[in-house]
Amino acid sequence: MNKALALATMTAITVATHAQATVLYSNFGDGDTYSLNMGATISAGGPLGGQVNEAAVAFTVTGGSYYFTAADVAVLHNWGPDLVNLHLHADDGNAPGQILDSTTASGVTPPFEWAPPLTGTFSGTVVLEEGQQYWLSMSPENTDVLLSWANNVVDDFGLRAWQVDGGGWNTAFGDPGTDSQRSTFRIHGTLVPAPGALALLALGGLARSRRRRD
């Protein structure tokens, strides 16, 4: 591949991977609402020397394959640093598996108070394959912390999981009418272009490069 074509191809890939983000999954209510008094416990240590609690929710990608760019979550803060770890996992038999990407995020809100979603920005290089199930998990960044990953208010009862002191993931599928609604989250991604579309972008970039030389 000559230098002009290589540069055009890299330009096309860069443009494609930074296209406008799409919401791939969301269980926020209207106006980004979520439960203000119930959620999955995220904790480590604290005044009572409590256990480490982590939580996760599953989602499936439809409508194409996407580069995973960001996740919005609703987190209520009790005590300690308002900083969390967010992890994207592959699926392992309907449970969180290998961690594919991670980030940290901060700026949560006290219990019983609404605030805009907390956004975690990911690398944008991991591809979420169409039709595949993935998991988003949350863990505490520090000890002496107690948070709550707020439940949703739209009766979303899909797969969820929790882990205590690193002892392996427990999974459940909530029942409507109970208090087991899943945590509130939203997944963002940018569409992976089809090979033909990427080739056309590269050829267009090559044509522009030639015109500039002329």
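So for the sequence shown, my numbering puts the first residue at 221; every next one is plus one. Glycine included, every Cβ here is placed at the ideal spot set by N, Cα and C.
With a CB to CB cut of under 6 Å and the five nearest residues on each side skipped, what residues in its chain are close to residue i?
i	result
glycine 270	Ser263
alanine 335	Thr329
valine 374	Asn247, Gly249
tryptophan 355	Ala276, Ala278, His309, Pro316
glutamine 353	Ala278, Thr280, Asp311
alanine 417	Unreliable placement is indicated for alanine 417, whose pLDDT of 46 sits below 50; the coordinate value is still reported in the next sentence. Counting only Cβ-Cβ distances below 6 Å, and skipping sequence neighbours, we find nothing.
asparagine 362	Pro301
Could you round the C-beta distance between residue i and residue j to whole angstroms and report it? I think they count as a contact, below 8 Å.
i	j	result
asparagine 305	threonine 324	6 Å
valine 277	phenylalanine 405	6 Å
valine 295	alanine 370	7 Å
histidine 408	alanine 291	7 Å
If I measure Cβ to Cβ from residue i and keep anything under 8 Å in the same chain, skipping five residues before and after, which residues do I get?
i	result
valine 347	Ser285, Tyr286, Tyr287, Phe288, Val412
aspartate 240	Per the sequence shown, residue 240 should be read as glutamine rather than aspartate. These residues qualify, in order along the chain: Thr410.
threonine 391	Asn314, Ala315, Leu379, Arg380, Ala381
serine 403	Gly259, Ala260, Ala275, Val277, Val293, Ala294, Met358, Trp369, Ala370, Asn371, Asn372, Arg380
glutamine 401	Ser255, Met258, Asn371, Asn372, Val373, Asp375, Asp376, Phe377, Gly394
threonine 253	Trp334, Val373
Take the Cβ of residue i as the centre, count every other Cβ of all protein chains shown within 10 Å, and call the residue buried at 16 or more, exposed below.
i	result
proline 360	buried
alanine 226	Confidence in alanine 226 is poor, its pLDDT being 42 and thus under 50, which makes the residue's placement too unreliable to answer from.
alanine 414	exposed
glycine 351	exposed
serine 326	exposed
isoleucine 319	exposed
valine 243	exposed
aspartate 399	exposed
aspartate 385	exposed
glycine 388	exposed
glycine 340	buried
glycine 283	exposed
Spatial neighbours of residue i within its chain, please: CB distance less than 7 Å, with the 5 preceding and 5 following residues excluded, ordered by chain position.
i	result
serine 357	Glu274, Ala275, Ala276, His307, His309, Pro316
aspartate 321	Phe288, Leu308, Phe342, Ser343, Val346
proline 396	Asp375, Phe377
Within the continuous beta strand (DSSP E) that includes residue i, where are the two ends?
i	result
proline 316	316 to 326
leucine 296	295 to 299
threonine 253	Note, threonine 253: premise wrong, no beta strand (DSSP E); not H, not E.
glutamine 271	270 to 280
alanine 310	303 to 311
glycine 284	Note, glycine 284: premise wrong, no beta strand (DSSP E); not H, not E.
glycine 340	338 to 341
valine 346	Taken as a continuous stretch (DSSP letters only), valine 346 belongs to no beta strand (DSSP E), as it is neither H nor E.
Compute the minimum distance between the beta carbon of residue i and the heavy atoms of the ligand FAD, and state whether it is under 8 Å.
i	result
aspartate 364	As for the ligand FAD, it is missing from this structure, which has no ligand bound.
Can you find a CB in chain C that lies within less than 9 Å of the CB of residue i?
i	result
leucine 348	Within the model displayed, chain C is absent; a lone protein chain is all it includes.
Can you list, in chain order, the stretches of the beta strand (DSSP E) that have 3 or more residues and sit fully within the segment 380 to 420?
389 to 393, 405 to 411
Those runs of the beta strand (DSSP E) which lie wholly inside the segment 353 to 378 and span at least 3 residues
353 to 360, 365 to 370
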